[in-house]
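*Asks:* Please read through the structure below; I'll follow up with questions.
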Amino acid sequence: MTEPILSVRGLTKIFGGLVAVDKVSFDVRPGEVVGLLGDNGAGKSTLIKCISGVHRPEEGEIRFDGEAALFASPMEARRVGIETIYQDLALANNLDVGANIFLGREARRRRLGGLVQTLDDKFMLKESRETLDSLQIRFPSLTEPIQNLSGGQRQAVAIARAVYWEAKLMIMDEPTNNLGVPEQHKVLELIRTLRERRVPVILITHILPDAFAVTDRVIVMHRGRKVAEKATAGTTAEELVQYMVGARDDSAA
Amino acid sequence: MTERAVRNPRSADAAASGLLTPLQRIGLFLSRIWAWAFLGLMVLFFVIAVPLSTGGSVNFLTVRNSQNILVAIVPVLLLGLGQTFVIITAGIDLSVGWVMSLASVLSALAIRATYNAGLPLFPAVVAGLAAALAGAAFVGFINGVVIAKLKVPAFIVTLGTSFIVRGVAYLLSENTTVIGLPAGVRAYGNDALAYVISGPGGGISFVERPVVTGELLRRMDVLLPWPVVMTAFVVAWAMFLLHRTRFGRHTYAIGGNMDAAIRAGIPVDRHIIELYMLSAATSGVAGFLSTLRYTAGSAVIGDPLLLSSIAAVIIGGVSMSGGSGTVIGTVIGALIIAVLTTGLVMLNVDAFWQFIVVGTVVIVAVLIDQSRDLIMGRPKGGVRR
């Protein structure tokens with residue numbers, strides 16, 4: 001078995017008196033899609049925010065790519081290759097696809113013997129097109145502001161950005177929410193493409209069909225604790241629901 | 254290709270228009286070009302109406318009048334240029350008028366002092382520009398720091414600094430016009446790239462002002478005075494900065510989605526500080542040029558122009574909610590106001606009608622801007638800030 005890229009041990013996050021995440025441990029290996037399931041308030045998002053540098057856990061250890069990884073900010077997490085795709089997408093809707101993929105890391109060209117630097121839009125467009133092609137994403141036009149794109153297409157832009165910058169771990173928070181059915185399928189298709197490219201994905205969801213469609217393994221949380229960890233192929237929706245509502249609990253055993 | 258989506262919103266819609274009905278396409282096209290069309294129609298109107306109303310003795314489209322219009326838009330345009338950047342990030346800079354005044358006073362004081370201290374004319378004028386820019390940029394820096402770091406709304410901060418700067422400008426000028434500048438300053442503010450004398454005995458002369466009197470002087474037209482040339486350079490630089498550089502791209506990104514900009518690692522706070530410094534700096538240039546033009550510094554020069562400059566920016570299509578706008582739009586906006594004003598004066602319309610017309614154009618401009626969302630079938634973005 002390959003070394004885990006992400007390894008979480010005994011992670012605990014407390015808000016006031018509430019234990020939001022209670023001694024959670026799990027691993028993610030390269031090329032693996034791990035589903036993080038649970039009802040609202042189960043602690044999925046808090047757990048993820050500890051990993052991506054938004055929250056600082058009270059206890060526990062996170063190792064990423066073999067290194068201790070407690071990040072002070074989301075920027076730090078991104079720098080080492082943890083890309084989190086939030087529901088609000090963090091895209092600038094008034095800019096085009098290329099500008100968004102290169103947001104904050106714009107390619108530039110030296111002009112007049114290095115006196116001035118201008119944006120290298122040709123290069124950014126070319127690179128964006130190649131990345132989108134490799135993910136089999138098709139847009140009518142790459143040079144229009146992305147506000148004219150659908151929700152699923154914008155999700156694809158966010159994923160393409162993470163892929164282009166060679167994310168080593170992708171965390172996706174409810175990516176199929178607020179999407180039409182065909183769009184949901186496209187996003188799930190993209191997650192499969194990521195697995196083929198051996199980019200590990202943590203997929204946060206409470207939609208069981210999504211989890212069965214793309215994950216290799218599922219982790220179920222209930223009231224801050226990890227109550228189950230199963231190979232997707234070896235479980236059923238019925239069983240997972242019982243874990244999600246707290247009727248079954250492997251950790252208590 | 255990519256940059257055009259930002260540089261020229263029209264082509265972006267053209268790209269999207271494959272999905273639109275012909276009616277939508279026409280609507281979008283009209284909403285994009287209306288400012289140009291309005292400017293053209295207005296010029297046409299004055300070209301026909303001015304000779305008619307004056308019995309043919311006055312024409313609108315003369316070299317002299319075109320130059321008057323260019324000279325008139327210099328301060329409004331310069332105040333609007335930096336403001337364009339600020340408003341694209343959904344900010345506002347209300348201090349530009351008094352910053353221009355302060356810069357006018359500072360540059361006059363600096364020119365006078367350095368010249369009297371024995372500096373030759375040209376270095377003294379450069380010292381005036383340096384003083385104007387330094388004073389203005391300092392105000393912009395304060396604006397930017399309080400807005401970006403202390404998170405006070407831009408409207409409040411720049412309102413406050415405009416009062417402070419007003420006081421400082423009056424104190425420095427001792428509540429009077431700063432005069433006693435070397436006579437040669439006049440040439441910097443009023444001489445031009447070229448002079449054209451039409452009719453018999455006429456000709457064209459570059460840079461050197463022909464020494465003529467009487468009939469010939471009456472027939473002499475001044476082409477592109479130095480302040481206009483300098484403003485053209487500032488406009489070209491602003492276009493480059495906004496549409497071709499990383500600075501400009503970040504300006505749009507912050508206006509489009511500030512959270513996204515922060516997450517993308519754009520140094521948003523620093524960028525906002527630089528924007529307000531930029532806004533103050535272009536206003537500083539306006540103050541400096543007015544000092545050259547009048548051979549005097551004045552604390553009352555800038556404030557009346559503040560609202561005109563914001564009007565120019567809005568007519569030019571910069572959305573107050575941020576994220577969109579172009580430099581050329583602001584130039585067109587300033588031109589529309591200047592052409593309107595000049596034309597109405599030539600038609601002998603009471604000067605106060607100008608305000609009524611300009612105000613109407615501002616509101617109509619925003620309505621047309623909003624109609625684009627309606628045409629595209631996009632939900633309205635809520636109340637506009």
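These protein sequences, in sequence, are chains A and B. Our numbering applies: residue 1 is where the first sequence begins, and numbers increase by one. Our numbering applies: residue 254 is where the second sequence begins, and numbers increase by one. Ideal Cβ positions, reconstructed from N, Cα and C, are used throughout, including at glycine.
1) Any heavy atom of the ligand ZN closer than 6 Å to the Cβ of residue 341 (chain B)?
2) Roughly how many whole angstroms lie between the Cα atoms of residue 261 (chain B) and residue 579 (chain B)?
3) Residue 74 (chain A) touches chain B at which residues, Cβ-Cβ below 8 Å?
4) Does the beta carbon of residue 534 (chain B) sit closer than 7 Å to a beta carbon anywhere in chain A?
5) Just curious, the beta strand (DSSP E) that residue 448 (chain B) is in, first and last residue?
6) Using a Cβ distance threshold of 8 Å, determine whether the segment 353-373 of chain B contacts the segment 541-558 of chain B, with at least three qualifying pairs required.
7) Is there a C-beta anywhere in chain A that falls below 7 Å from the one on residue 510 (chain B)?
8) Can you tell me which of B:555, B:383, B:522, B:471 puts its alpha carbon nearest to the alpha carbon of residue 404 (chain B)?
9) Report the residue from B:504, B:515, B:324, B:516 whose alpha carbon sits nearest the alpha carbon of residue 479 (chain B).
10) Rounded to the nearest angstrom, what separates residue 416 (chain B) and residue 351 (chain B) at their Cα positions?
11) Hey, could you find the ends of the beta strand (DSSP E) residue 227 (chain A) is sitting in?
12) For residue 107 (chain A) and residue 502 (chain B), I'd like the C-alpha separation in whole angstroms.
13) Comparing the C-beta of residue 118 (chain A) with each C-beta of chain B, is any distance below 7 Å?
14) Would you say residue 228 (chain A) reaches chain B, if we count a Cβ-Cβ gap shorter than 7 Å as a contact?
15) Between residue 473 (chain B) and residue 465 (chain B), which are expected to be in contact by the criterion C-beta below 8 Å, what is the C-beta distance as a whole number of angstroms?
16) Just how far apart, CA to CA, sit residue 128 (chain A) and residue 97 (chain A)?
17) Identify the residues that DSSP records as bridge partners of residue 13 (chain A): which are they?
18) Does any residue of chain A have a CB that is nearer than 7 Å to the CB of residue 462 (chain B)?
19) Would residue 575 (chain B) and residue 342 (chain B) be called neighbours here (beta carbons separated by less than 7 Å)?
20) So with Cβ pairs under 7 Å, would you call residue 194 (chain A) a contact of chain B?
21) Assign residue 432 (chain B) to one of three DSSP states: helix, strand, or coil.
22) State the Cα-Cα distance for the pair residue 229 (chain A) and residue 205 (chain A), rounded to the nearest angstrom.
23) Using 7 Å as the limit for Cβ to Cβ distance, is residue 208 (chain A) near chain B?
24) Mind the definition here: the segment 555-571 of chain B touches the segment 272-279 of chain B only if three or more C-beta pairs lie below 8 Å; say whether that holds.
25) Would you mind telling me which residues of chain A sit closer than 7 Å to residue 576 (chain B), beta carbon to beta carbon, in chain order?
26) Contact defined as beta carbons within less than 8 Å: I believe residue 109 (chain A) pairs with residue 117 (chain A). What is the distance between those atoms, to the nearest angstrom?
27) Using 7 Å as the limit for Cβ to Cβ distance, is residue 106 (chain A) near chain B?
28) Using a Cβ-Cβ distance cut-off of 7 Å, determine whether residue 506 (chain B) contacts chain A.
29) Hey, quick one: how far does the beta strand (DSSP E) through residue 120 (chain A) stretch, first residue to last?
30) Could you confirm whether any beta carbon from chain A is found closer than 7 Å to the beta carbon of residue 261 (chain B)?
31) Taking the straight line between their C-alpha atoms, what separation do you get for residue 256 (chain B) and residue 481 (chain B)?
32) For residue 502 (chain B), go through chain A and note every residue whose CB falls closer than 9 Å to its CB, in chain order.
33) Taking DSSP's pairing of strands, which residues face residue 170 (chain A) in a bridge?
34) Does any CB atom of chain B fall closer than 7 Å to the CB of residue 287 (chain A)?
35) With DSSP as the reference, label residue 112 (chain A) as helix, strand or coil.
36) If we ignore side chains and look at the alpha-carbon of each, how far apart do residue 191 (chain A) and residue 90 (chain A) end up?
*Replies:* In this structure, then:
1) The model depicted lacks the ligand ZN and carries no ligand whatsoever.
2) Because residue 261 (chain B) sits at a pLDDT of 41, beneath the cut-off of 50, its placement in the model cannot be relied upon, and the following sentence gives the value as read from the coordinates. Residue 261 (chain B) and residue 579 (chain B): Cα-Cα distance of roughly 8 Å.
3) Under the 8 Å cutoff, chain B gives 516.
4) With 7 Å as the cut-off, residue 534 (chain B) does not count as an interface residue toward chain A.
5) DSSP places residue 448 (chain B) inside the beta strand (DSSP E), whose first and last residues are 445-450.
6) Yes, they touch.
7) Chain A places a beta carbon closer than 7 Å to that of residue 510 (chain B), counting this residue as a contact.
8) When only C-alpha atoms are compared, the closest one is B:522.
9) It is B:324.
10) Computed Cα separation, rounded: 8 Å.
11) 225-231 is the extent of the beta strand (DSSP E) around residue 227 (chain A).
12) If you take the alpha carbons of residue 107 (chain A) and residue 502 (chain B), they lie about 11 Å apart.
13) With 7 Å as the cut-off, residue 118 (chain A) counts as an interface residue toward chain B.
14) So no, residue 228 (chain A) is outside the interface.
15) Correct: roughly 6 Å between the Cβ atoms.
16) For residue 128 (chain A) and residue 97 (chain A), the distance between alpha carbons rounds to 7 Å.
17) Answer by DSSP bridge pairing, in chain order: A:21.
18) Closer than 7 Å: no.
19) Inclusion of residue 575 (chain B) and residue 342 (chain B) in the CB contact set at 7 Å is warranted, their separation being smaller than that value.
20) Judged by the 7 Å Cβ criterion, residue 194 (chain A) is not in contact with chain B.
21) Coil, per DSSP.
22) Rounded to the nearest angstrom, the two C-alpha atoms are 15 Å apart.
23) Taking CB atoms only, residue 208 (chain A) has no neighbour in chain B less than 7 Å away.
24) Because the criterion of three Cβ pairs below 8 Å is not met, the segment 555-571 of chain B and the segment 272-279 of chain B do not touch.
25) Per Cβ cutoff of 7 Å: 94.
26) Rounded, the Cβ-Cβ distance is 7 Å, consistent with contact.
27) Output row for residue 106 (chain A): interface = yes.
28) Yes, because at least one Cβ of chain A sits closer than 7 Å to the Cβ of residue 506 (chain B).
29) Run containing residue 120 (chain A): none; DSSP gives neither H nor E here.
30) With a pLDDT of only 41 at residue 261 (chain B), under 50, the local geometry of the prediction cannot be trusted, and the value read off the model is given with reservation. Contact with chain A is absent for residue 261 (chain B), since none of that chain's Cβ atoms lies less than 7 Å from the residue's Cβ.
31) Residue placement at residue 256 (chain B) is flagged as unreliable, the pLDDT there being 37, under the threshold of 50; a coordinate-derived value is accordingly withheld.
32) Neighbours of residue 502 (chain B) on chain A, chain order: 95, 99, 102, 103, 106, 119.
33) Residue 170 (chain A) pairs with A:83, A:201.
34) As shown, chain A starts at 1 and ends at 253. That puts residue 287 (chain A) outside it, with no answer to give.
35) In this structure, residue 112 (chain A) counts as coil in the three-state DSSP scheme.
36) One alpha carbon belongs to residue 191 (chain A), the other to residue 90 (chain A), and they sit about 19 Å apart.
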